[in-house]
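Visitor: Here it is: the structure, laid out below.
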Amino acid sequence: MSASDDTNSGKYEGTRSQKRKYKFQRALIACDQCRKAKTRCNYLTDGLNCFRCKNLSLNCSLTNSSPPNKSIALTRGNALQETAKLIDREHDDVEGRQPPKKRVKGSDERLNYMENKLEHISNCIDLLLRKNNISQTDLISSVSPPISFETPIDSRLEYQPIPSTVNSSNGSGHNSASTSASAEDSKDTAQQPHDPFFHIESPYNSLKTTSSQLGMPFSKELAYAAKRDLTLQSIIYRYDIISRNIVTFENCVKLVSLCLKYYGEWISVMSTTDDDCTRFVADTRLRSPLLLAICTLLGLRHCDPLNEFRGGNKNLEFEILQIVQQLFSLTTYELPQPKEFMQSMVLITNYSMSLSFEHIYFDGWWVSSYGLIQFVTREMNVNLFLESNDEPEKIGNFRLWNHLSLNHLMYCISSGRPCMMDELRLDQCRNILDLADSTTFDGTIVAELSIVLSLYNCLQYQELLSVSEKELNSTFRDWEYLTEQKPNGDRTSMMFKFSKVMIYRRYIFQNRDKKELKEYQSILKKLIKSCDELITFGEKLDKVELIKLPDSYKFSFVTVATVLLNLEKMKIVKRANDHNAISSCITKIEMLLKWIDQNINYYNSFISSYIQLISQFKRTLFADNPLNSAR
């Protein structure tokens with residue numbers, strides 16, 4: 001632009017400046033966004049970002065080029081203003097030395113007309129947004145919603161906080177209900193690391209520190225320095241299964257060794273040598289009769305009903321189960337509970353369905369919630385989440401916490417009940433991968449936890465199927481490298497397929513009125529395929545790993561069978577190939593369940609009852625069609 005043009009535009013700029021809300025200054029170097037848009041880059045007087053980026057909530061390179069320090073930002077803003085003044089002064093000097101150039105009236109008029117129009121449009125948009133109480137930040141941020149658990153391939157990479165997994169791109173009711181302020185606040189909060197001050201310097205902990213210094217320890221707030229109830233302890237020790245002659249010490253050691261062989265990994269007890277098992281039984285008798293009873297009960301499912309370990313007692317399981325129930329009921333009277341109690345909660349949560357019998361019922365969702373509550377009560381300073389903790393103790397605590405969290409989410413999905421943990425606590429589950437002693441099994445648990453959390457968030461809200469698919473696929477890609485590691489890799493793939501089954505199941509069952517549409521039939525085919533792939537991974541799973549699976553995982557096979565049979569009941573399957581695929585998949589499920597039932601002695605008919613249910617469902621469904629009854 002010529003000098004005369006600048007002079008002319010400056011005259012019009014001065015006329016308009018009285019009407020404008022902001023005081024603009026021309027940037028020496030345009031920011032990246034303005035260069036892309038090929039437009040002027042005017043920055044505000046604070047010098048932190050340009051007006052266009054601020055107005056459209058864009059990422060301005062002027063802001064990114066300086067650290068978020070107030071004093072530095074002000075200095076930089078002043079420097080920009082001083083630079084602008086120097087340029088204007090030099091420009092005026094040059095203008096004074098040059099002869100005036102001829103004005104191009106048409107160009108000036110067109111430029112001024114366009115500027116006036118743009119200003120008018122901008123004012124209209126601002127007015128509409130203010131009337132509807134909408135912020136431009138919401139409009140921009142809703143275009144690219146964050147995805148939860150964006151975990152790097154290398155687990156040792158620096159930890160980044162996980163944003164909320166709630167999607168806002170589908171226009172669903174739960175998103176529209178949130179205000180612009182809350183959305184912006186949650187976005188800012190998600191980018192910040194958790195603050196240990198919240199745990200360390202809570203009012204209760206401050207009182208604990210002060211009272212300790214004064215020699216006046218309190219015990220009403222955080223069970224600090226609380227004395228154990230000796231009467232209660234004597235009652236608990238009376239329920240020791242060895243002292244009550246329910247099993248001998250030698251037989252108890254053998255049964256516990258069987259339990260630790262299959263389930264020790266869940267409670268961080270890896271060694272199963274005779275000496276270690278003997279020491280474990282001797283120590284656990286004193287520390288936690290509850291844990292000893294549960295380990296003995298789980299060991300019984302891996303020995304023959306006529307085995308000498310039983311001592312000829314056919315009701316041995318039920319007697320031990322009654323002891324477990326009585327000891328479990330006494331735990332509510334003592335806070336905090338020891339580590340052995342947390343190990344007991346993990347085992348009961350993992351196998352709640354196969355441990356329950358008659359009037360003794362363990363609700364997996366409730367037990368896992370209770371275990372997590374007791375865990376936080378025990379960790380008075382929440383040492384689990386602090387970097388200063390001893391690593392051997394910390395990794396053991398992390399494992400117990402992660403196993404409880406994973407099973408809690410699985411029971412939330414199976415029972416349709418809410419999660420009892422906040423997202424920060426779920427986020428911190430993967431910090432175990434930063435520890436040097438973490439194993440492949442720990443990585444598998446975190447991967448499954450990530451996938452299940454994504455599934456839980458998808459099922460919570462009425463979002464589009466395509467959005468749920470993208471979210472699950474993105475989470476799985478973060479952990480896909482674990483699928484190459486055996487024997488746990490197939491478990492991660494199996495959990496991903498289960499998640500796909502659940503989102504397709506929801507779409508198919510909720511949109512029955514669209515069953516004639518091509519899209520509906522396409523998704524129906526995806527559902528059948530995902531069911532078959534899930535069972536295929538279950539068949540490929542190492543047999544020992546199959547036995548180790550928690551009850552909620554085994555129940556997923558039953559879920560797939562009932563989903564497929566309900567598809568036949570709804571009469572929405574059109575193609576013969578799909579009928580055959582369903583028939584083949586159900587047959588594989590029955591064979592898989594029968595193998596589990598034959599290799600684990602369940603005293604409550606946990607698996608055999610489901611086999612009977614599937615068989616009865618098939619007979620009822622195909623009773624009118626003898627040709628189909630062969631399925």
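Numbering of the sequence shown is given in UniProt numbering, commencing with residue 1 and proceeding in unit increments.
The beta carbon of each residue, even a glycine, is placed where N, CA and C say it ideally should be.
Treat the numbers as computed from the prediction; the structure is a model and nothing was measured.
Return helix, strand or coil for F622, following the three-state DSSP convention.
Guide: Counting from one through the sequence shown, the residue named residue 622 turns up at place 622. In this structure, F622 counts as coil in the three-state DSSP scheme.
Visitor: Between the alpha carbons of L472 and L28, how many angstroms are there, rounded?
Guide: One-based indexing of the sequence shown puts residue 472 at position 472. One-based indexing of the sequence shown puts residue 28 at position 28. Rounded to the nearest angstrom, the two C-alpha atoms are 45 Å apart.
Visitor: Taking three-plus beta-carbon pairs below 8 Å as touching, is the region 343-356 in contact with the region 262-269?
Guide: As far as the Cβ criterion goes, the region 343-356 touches the region 262-269, which means the pair count is three or higher.
Visitor: On the three-pair Cβ rule with 8 Å, is the region 394-401 touching the region 430-448?
Guide: Yes, since at least three Cβ pairs between the region 394-401 and the region 430-448 fall closer than 8 Å, the two stretches touch.
Visitor: Which residues in the same chain have their Cβ closer than 8 Å to the Cβ of I413, if we skip the five residues on either side of it in sequence?
Guide: As a position in the sequence shown, residue 413 is number 413, starting the count at 1. So the list reads V452, L455, Y456, L459 and M502, once near-sequence residues are dropped.
Visitor: Assess, as a yes-or-no matter, whether the region 553-562 is touched by the region 586-596 under the definition of 3 or more beta carbon pairs within less than 8 Å.
Guide: As far as the Cβ criterion goes, the region 586-596 touches the region 553-562, which means the pair count is three or higher.
Visitor: Do the region 402-420 and the region 363-381 make contact, defined as three or more Cβ pairs closer than 8 Å?
Guide: Counting Cβ pairs under 8 Å, three or more are found: they touch.
Visitor: How many Å lie between S450 and I607 at the Cα?
Guide: Taking the first residue of the sequence shown as 1, we reach residue 450 at position 450. Taking the first residue of the sequence shown as 1, we reach residue 607 at position 607. Between S450 and I607, the C-alpha separation is close to 28 Å.
Visitor: According to the Cβ coordinates, are F537 and K497 closer than 8 Å?
Guide: Taking the first residue of the sequence shown as position 1, residue 537 is located at position 537. Taking the first residue of the sequence shown as position 1, residue 497 is located at position 497. Yes.
Visitor: Alpha carbon to alpha carbon, what distance is there between L330 and residue 637?
Guide: Given a span of 1 to 631 for the chain in the structure shown, any question on residue 637 remains unanswerable.
Visitor: Using a Cβ distance threshold of 8 Å, determine whether the region 475-494 contacts the region 510-520, with at least three qualifying pairs required.
Guide: Verdict: no, contact absent.
Visitor: Please report the distance separating the alpha-carbon of K500 from that of R575.
Guide: Residue numbering aside, residue 500 sits at position 500 when the sequence shown is read from its first letter. Residue numbering aside, residue 575 sits at position 575 when the sequence shown is read from its first letter. If I take the Cα positions, the gap works out to 22 Å.
Visitor: May I ask you to list the residues that DSSP assigns as paired with C53?
Guide: As a first step, residue 53 must be located in the sequence shown, where it is residue number 53. DSSP output for C53 lists no bridge partner at all.
Visitor: Only counting the same chain, and skipping five residues up and downstream in sequence, which positions put a Cβ closer than 6 Å to that of R20?
Guide: Counting from one through the sequence shown, the residue named residue 20 turns up at place 20. Residue placement at R20 is poorly supported in this model, since its pLDDT is 48, which falls under 50; the coordinates still yield a value, given next. Excluding residues within five positions, none has a Cβ falling inside 6 Å.
Visitor: Looking at K618: is its Cβ nearer than 8 Å to the Cβ of I535?
Guide: In the sequence shown, the residue the question calls residue 618 occupies position 618. In the sequence shown, the residue the question calls residue 535 occupies position 535. It is not a contact, given that the beta carbons lie outside the stated cut-off.
Visitor: I'd like to check one pair, C259 with L298: are the Cβ atoms closer than 8 Å?
Guide: As a working note, residue 298 is residue 298 in the sequence shown. As a working note, residue 259 is residue 259 in the sequence shown. Yes, they are a contact pair.
Visitor: Does the beta-carbon of I614 have 16 or more other beta-carbons within 10 angstroms, so that it is buried, or is it exposed?
Guide: Walking along the sequence shown from the start, residue 614 turns up at place 614. Its Cβ being crowded by 16 or more others within 10 Å, I614 is buried.
Visitor: On the three-state DSSP scale, how would you describe F357?
Guide: Locating residue 357 in the sequence shown gives position 357, counting from the first residue. Reduced to three states, the DSSP call for F357 is strand.
Visitor: Which residues share a DSSP beta bridge with N42?
Guide: Working through the sequence shown from its first residue, we reach residue 42 at position 42. N42 is bridged to R26.
Visitor: Suppose the cutoff is 8 Å on Cβ atoms and the five residues either side in sequence are ignored; what does the same chain contact list for S530 look like?
Guide: Counting from 1 along the sequence shown, the entry for residue 530 is found at position 530. The answer, listed in chain order, is K497, K500, V501 and Y504.
Visitor: Using only the alpha-carbon positions, how far apart do F441 and A447 sit?
Guide: Translated into the one-based positions of the sequence shown, residue 441 becomes position 441. Translated into the one-based positions of the sequence shown, residue 447 becomes position 447. Computed Cα separation, rounded: 10 Å.
Visitor: Are there 16 or more other CB atoms within 10 angstroms of the CB of T620, so buried, or fewer, so exposed?
Guide: Reading the sequence shown from its first residue, position 620 is the one you call residue 620. That one is exposed.
Visitor: Which value, in whole angstroms, describes the spacing of the CA atoms of F357 and N604?
Guide: Numbered from its first residue, the sequence shown carries residue 357 at position 357. Numbered from its first residue, the sequence shown carries residue 604 at position 604. If I take the Cα positions, the gap works out to 6 Å.
Visitor: Just to confirm my understanding: we take K261, look at its own chain, exclude 5 residues before and 5 after, and list those with CB closer than 7 Å. What are they?
Guide: Reading the sequence shown from its first residue, position 261 is the one you call residue 261. Same-chain partners within the cutoff: T272.
Visitor: Would you decide whether V247 is buried or exposed? Buried here means 16 or more other CB atoms lie within 10 Å of its CB.
Guide: Looking up residue 247 in the sequence shown gives position 247. Under this definition V247 is a buried residue.
Visitor: Within its chain, find whatever has a CB closer than 6 Å to the CB of S438; leave out the 5 residues flanking it on each side and keep chain order.
Guide: Residue numbering aside, residue 438 sits at position 438 when the sequence shown is read from its first letter. Here the set comprises I432.
Visitor: Ordered along the chain, which non-local residues of its own chain (more than five positions away) have a Cβ less than 7 Å from that of I547?
Guide: Taking the first residue of the sequence shown as position 1, residue 547 is located at position 547. Result list for I547: Y262, N599 and I600, in chain order.
Visitor: In this structure, how does DSSP classify R505 when only helix, strand and coil are distinguished?
Guide: Counted from its first residue, the sequence shown places residue 505 at position 505. Looking at R505 - three-state DSSP - the assignment turns out to be helix.
Visitor: Contact check, I360 vs L300 under 8 Å by CB: the rounded distance?
Guide: Working through the sequence shown from its first residue, we reach residue 360 at position 360. Working through the sequence shown from its first residue, we reach residue 300 at position 300. So it is not a contact: roughly 15 Å between Cβ atoms.
Visitor: Tell me which same chain residues have a C-beta within less than 8 Å of the C-beta of T296, skipping the five on either side of it?
Guide: Against the sequence shown, residue 296 aligns to sequence position 296. Excluding sequence neighbours, T296 sits near I241, V247, C252, L255, V256, C259 and I320.
Visitor: What span of residues does the alpha helix (DSSP H) with M420 cover, start to end?
Guide: Working through the sequence shown from its first residue, we reach residue 420 at position 420. Taken as a continuous stretch (DSSP letters only), M420 belongs to no alpha helix (DSSP H), as it is neither H nor E.
Visitor: Please tell me whether, using a cut-off of 7 Å, the distance from the CB of R425 to the nearest non-hydrogen atom of the ligand ATP is below it.
Guide: Within the structure as shown, the ligand ATP is missing, as the structure has no ligands at all.
Visitor: Which same chain residues end up closer than 6 Å to D597 when comparing Cβ atoms and leaving out the 5 residues on each side of it in sequence?
Guide: In the sequence shown, counting from the first residue as 1, residue 597 sits at position 597. Hits under 6 Å: I607 and S608.
Visitor: Under a Cβ-count criterion, where at least 16 other Cβ atoms within 10 Å of its own Cβ denotes burial, should Y333 be classed as buried or exposed?
Guide: As a working note, residue 333 is residue 333 in the sequence shown. Exposed, by the Cβ-count rule.
Visitor: State the Cα-Cα distance for the pair T562 and D283, rounded to the nearest angstrom.
Guide: Looking up residue 562 in the sequence shown gives position 562. Looking up residue 283 in the sequence shown gives position 283. Straight-line Cα distance between these residues: approximately 45 Å.
Visitor: Kindly indicate the opening and closing residues of the alpha helix (DSSP H) around Y351.
Guide: Counting from one through the sequence shown, the residue named residue 351 turns up at place 351. Premise fails: Y351 is in no alpha helix (DSSP H) and is neither H nor E.
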